[in-house]
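In our numbering, the protein residues as written are 250 to 546.
Backbone N, C-alpha and C fix where the C-beta goes; we use that ideal spot for every residue, glycine too.
Below is one structure, written out as structure tokens; comments come after it.
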């Protein structure tokens, strides 16, 4: 009887797409493919279908049948912090000998620190902070816009619009920045006073490149907005790096990481190191754990 081949499956599932990588048990990379969205809190069945379809297609590309392999999976999935989503998704998972999945924040932290203890703050449209210390982990922020995710791109855009509305109406003194923003939106064919009606987080976040451009040309008011966001990120880092997490190295991730790095306090920058990997790398460590431990997580 032919011995089955052991394969490690690394999965990064997000709101817009999923990515799968396949490795041999000794770590040789075989293939990477992209599939549909995999936010298990938004749509659990669609998420599993995206992953299963992409995995099946990947095995076919490698000329491998499911009967020929033992699959050990690791995944970082958006929405995995929601208990009912985790429970429902686990019921759907078939075809794996062992499968470990965590939030994408968890795998991002694992990947950034090559599977070792560490902390991350991801700053993009939203914000989330995460730390791993041995078998403990800690998550702060990331509860969604507008109720949370302070310091992120959507939050910054909201502050800009709110400030502009007040100043254009005369509730606060007009500034050069508020007038420039008003004219910027008008040139785009928008009604500046109604721009934010029904706007989604990404639309608010789309104002951040414009804000950065204003700051880089010497606008002090634009710099104040960025400084305020950086102060929030610093406070988030201080709240994260407490108690047993106090001495962990910290990585800043996401599209706005480099913008805020120079604006953080010198003391906070002492903790910061470059990321050594990404969420897919963290998912690989989970798959390797599944393979080595042969235990359901």
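- Counting only unbroken stretches of 3 or more residues, the beta strand (DSSP E) elements lying wholly within the segment 253–295 are 254–262, 267–273, 278–284, in sequence order.
- Here residue 374 has 401, 402, 403, 450, 451, 454 as same chain residues with Cβ atoms under 7 Å from its own Cβ, once five neighbours each way along the sequence are excluded.
- Annotation for residue 431: the continuous alpha helix (DSSP H) segment containing it runs 425–436.
- The distance from the Cβ of residue 334 to that of residue 293 is about 6 Å, consistent with a contact at the 8 Å cut-off.
- Residue state for residue 501 is assigned as strand, using DSSP reduced to three classes.
- For residue 374, the secondary structure class from DSSP, reduced to helix, strand or coil, is coil.
- In the DSSP assignment, residue 439 falls outside any alpha helix (DSSP H) and carries neither an H nor an E.
- In the DSSP assignment, the residues bridged to residue 320 are 256.
- The segment 458–475 makes no contact with the segment 413–421: fewer than 3 CB pairs, one atom from each, lie closer than 8 Å.
- The beta carbon of residue 424 sits closer than 7 Å to those of 416, 470, all from its chain and outside the five residues before and after it, given in chain order.
- The Cβ neighbour count for residue 254, taken over all protein chains shown within 10 Å, is under 16; the residue is labelled exposed.
- Around the beta carbon of residue 277, fewer than 16 other beta carbons sit within 10 angstroms, so the residue counts as exposed.
- Judged by beta-carbon spacing, residue 264 lies beyond the 8 Å limit of residue 370, meaning their Cβ atoms are not closer than that value.
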